[in-house]
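Q: One structure follows; several queries about it will come next.
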Amino acid sequence: MTRINWRLQGDWIKNCSCAFGCPCDFNARPTQGWCKGMLGMRIENGYFGDVRLDGISFFVVVDFPGPLHEGNGAAQAIIDERATAEQRDALFQIISGRNSAEGTLFHIFTLICSTMHDPIFAPIEVAFDMDGRTARVSIPGVLETETQPIRNPVTGAPHRIQVVMPEGFEHIKAEIASARIESTGAINFTVAEGHSSLARVEQTPEGVAA
Numbered sequence: 449m450t451r452i453n454w455r456l457q458g459d460w461i462k463n464c465s466c467a468f469g470c471p472c473d474f475n476a477r478p479t480q481g482w483c484k485g486m487l488g489m490r491i492e493n494g495y496f497g498d499v500r501l502d503g504i505s506f507f508v509v510v511d512f513p514g515p516l517h518e519g520n521g522a523a524q525a526i527i528d529e530r531a532t533a534e535q536r537d538a539l540f541q542i543i544s545g546r547n548s549a550e551g552t553l554f555h556i557f558t559l560i561c562s563t564m565h566d567p568i569f570a571p572i573e574v575a576f577d578m579d580g581r582t583a584r585v586s587i588p589g590v591l592e593t594e595t596q597p598i599r600n601p602v603t604g605a606p607h608r609i610q611v612v613m614p615e616g617f618e619h620i621k622a623e624i625a626s627a628r629i630e631s632t633g634a635i636n637f638t639v640a641e642g643h644s645s646l647a648r649v650e651q652t653p654e655g656v657a658a
């Protein structure tokens, strides 16, 4: 199959219901046996074929009844309402995994999600400070999530820890932090304190380039 070349470079956020450190990154079971969360990015530079994607954000809310590798997940994509029809189609083509090699992020994602809810097109506001371990995604009426540094339980001082995965399919290096999530779309849930990964990524059809 002929694939259309594409590239997404920008700010990556993954927040979920698990304890700090995200067991999935260590091939372990979710903290509570199941996983609810969100992931996505604010694209700084990107393209799909001839379609530019600079400045567009997209996120996906997910719900897995067990470990991700066991599948049966549900997902709902949220696309920046500013995206044109061509840009929306380009992002769906990328998320579908049809233009990605086997074993890459979007290819795996389509294999483990059996339920795909209708996408939402809405205004998306993103704040991102990887070094400060802070971020915020605000999609009114759909999703509100905030990342803050993990705090030392005795002193309250910000705690810093990184996860480095040289062969990671989501990111190579991420700052680990604390997340709050309020999801009110088709996948409805609240996380008072969960895991957050913040990363600068460059995704391609062959996997993570940076």
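Position 7 of the sequence shown, counted from 1, bears residue number 455 in this note's numbering, the numbering being contiguous throughout.
All C-beta atoms in this analysis are idealised placements derived from N, C-alpha and C, irrespective of residue type, glycine included.
1) Kindly indicate the opening and closing residues of the alpha helix (DSSP H) around L559.
2) Throw me the rounded Cβ distance for the I526 and V612 pair, which I believe falls under 8 Å.
3) Select from Q596, A657, E594 and R581 the residue whose C-alpha is nearest the C-alpha of P614.
4) Counting along the chain, where does the beta strand (DSSP E) carrying L539 start and finish?
5) Could you check where the beta strand (DSSP E) with R628 kicks off and where it finishes?
6) Considering only the beta carbon of each residue, do G642 and S465 sit closer than 8 Å?
7) Does the Cβ of F507 have 16 or more other Cβ atoms within 10 Å, making it buried, or fewer, making it exposed?
8) Any chance the region 644–652 sits against the region 614–628, with 3 or more Cβ pairs inside 8 Å?
9) Under DSSP, the beta strand (DSSP E) around Q463 begins and ends at which residues?
10) How about the region 579–599 and the region 548–563: do they share at least three Cβ pairs that are nearer than 8 Å?
11) Between which two residues does the beta strand (DSSP E) carrying R648 extend?
12) Between the C-alpha atoms of A625 and V639, what's the straight-line distance to the nearest angstrom?
13) Pairs of beta-carbons, one from the region 513–524 and one from the region 487–497, closer than 8 Å: are there three or more?
14) My guess is that C472 and A523 are in contact by the Cβ rule of under 8 Å, so how many angstroms apart are they, rounded?
A: Based on what the coordinates show:
1) Taking the sequence shown and counting its residues from 1, one reaches residue 559 at position 111. Residues L553 to I560.
2) As a working mapping, residue 526 is identified with position 78 in the sequence shown. As a working mapping, residue 612 is identified with position 164 in the sequence shown. Actually they do not touch by this definition, with Cβ atoms about 29 Å apart.
3) Position 166 of the sequence shown holds residue 614. Checked all of Q596, A657, E594 and R581; the closest Cα to P614 is A657.
4) On the sequence shown, residue 539 is found 91 positions in, with the first residue counted as 1. Where L539 is concerned, there is no enclosing beta strand (DSSP E), although the alpha helix (DSSP H) it sits in stretches over A533 to I543.
5) Your numbering for residue 628 matches position 180 in the sequence shown. It spans K621 to T632 - the beta strand (DSSP E) in which R628 sits, taken as one unbroken run.
6) Here residue 642 corresponds to residue number 194 of the sequence shown, with the count starting at 1. Here residue 465 corresponds to residue number 17 of the sequence shown, with the count starting at 1. Yes, these two residues count as a Cβ contact at 8 Å.
7) The residue given as residue 507 occupies position 59 in the sequence shown. Flag for F507 reads buried.
8) yes
9) Position 15 of the sequence shown holds residue 463. Here residue 463 turns out to be Asn, not Gln, going by the sequence shown. Residues W454 to C464.
10) no
11) Start at 1 with the first residue of the sequence shown, and residue 648 comes out as number 200. Element bounds for R648: N636 to T652.
12) In the sequence shown, residue 625 corresponds to position 177, counting from 1. In the sequence shown, residue 639 corresponds to position 191, counting from 1. Each residue's alpha carbon lies about 14 Å from the other.
13) no
14) As a first step, residue 472 must be located in the sequence shown, where it is residue number 24. As a first step, residue 523 must be located in the sequence shown, where it is residue number 75. 15 Å between Cβ atoms; not a contact.
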